[in-house]
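Everything on this sheet refers to the single structure shown next.
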Amino acid sequence: MYKYFLTLHCLKTTLQNKIKMKFNLFLLLLATLLAVGSSQQQKTYTIRDPKSKLYWAADKTNHIGLQVAGAKWILTTAPGGFTISPSNNPDLYVTYKGNGNLLTLEGNIFQLNQEWIFVPSKASEHAIQLVQHSNQFANIGNNGFIIAGTNQLGWIFEEK
Numbered sequence: 037m038y039k040y041f042l043t044l045h046c047l048k049t050t051l052q053n054k055i056k057m058k059f060n061l062f063l064l065l066l067a068t069l070l071a072v073g074s075s076q077q078q079k080t081y082t083i084r085d086p087k088s089k090l091y092w093a094a095d096k097t098n099h100i101g102l103q104v105a106g107a108k109w110i111l112t113t114a115p116g117g118f119t120i121s122p123s124n125n126p127d128l129y130v131t132y133k134g135n136g137n138l139l140t141l142e143g144n145i146f147q148l149n150q151e152w153i154f155v156p157s158k159a160s161e162h163a164i165q166l167v168q169h170s171n172q173f174a175n176i177g178n179n180g181f182i183i184a185g186t187n188q189l190g191w192i193f194e195e196k
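In the working numbering, the protein residues as written are 37 to 196.
So, in structure tokens, the structure goes:
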């Protein structure tokens, strides 16, 4: 009889240990997922013209212009560079529409028209260059809107 109780006690202890191990493994996985998820929050930036000290912002027609109070932008890694999206509408992307034309915000229509690289131009400034056409950069048009052009204008990215 004693042998029977000893065997039952051993089985009970073994079962409890297995349950504890599985629970601890579950907690470890949960903690890992939470840590990874919280580190995936994307950083936001304002994009500022160093001369005028004005910032990128989109108007109601999804054109990008310079304003005193700028929008926050998300830079997302893409196959050839980065996409630039407003943080309040990350499904829209800064889109190239041809040399001399306004940059616009559009849905994902043609990835290469929406991929940019950031070329260091001065100490804290970076030119915003189109991946598809390496001679096209984000520039300031006469009316304060952002256009595509061949000038390698520097911009300041400020993390927010």
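The beta-carbon is built from N, C-alpha and C at its ideal position, and this holds for glycine as well.
Secondary-structure assignment with DSSP links Y91 through a beta bridge to R84 and Q103. Within the same chain, and ignoring the five residues on either side of Y91 in sequence, the residues whose Cβ sits closer than 8 Å to its Cβ are T82, I83, R84, D85, L102, Q103, V104, A105, G106 and A107.
If you keep only unbroken alpha helix (DSSP H) runs of at least 4 residues inside the stretch 117-151, you get nothing at all. Under DSSP, T112 takes part in a beta bridge, and its partners are T119. Under the 10 Å beta carbon count, Q172 is surrounded by 16 or more other beta carbons and is classified as buried. Nearest C-alpha to T186 among H169, H162 and T131: H169.
Pairing N125 with G143, the inter-Cα distance amounts to about 10 Å.
Just measuring C-alpha positions, the residue of F181, S88, L189 and T80 sitting nearest N137 is F181.
Put simply, the backbone Cα of G134 is about 21 Å away from that of P122. Annotated as distal: E151 and K79, with beta-carbon spacing of 8 Å or more. Counting the other CB atoms within 10 Å of its CB gives Q77 a total below 16, which places it among the exposed residues. Classified as buried, T131 has 16 or more neighbouring CB atoms from the shown chains inside 10 Å of its CB.
An exposed status is given to A159, since fewer than 16 other beta-carbon atoms sit within 10 Å of its beta-carbon.
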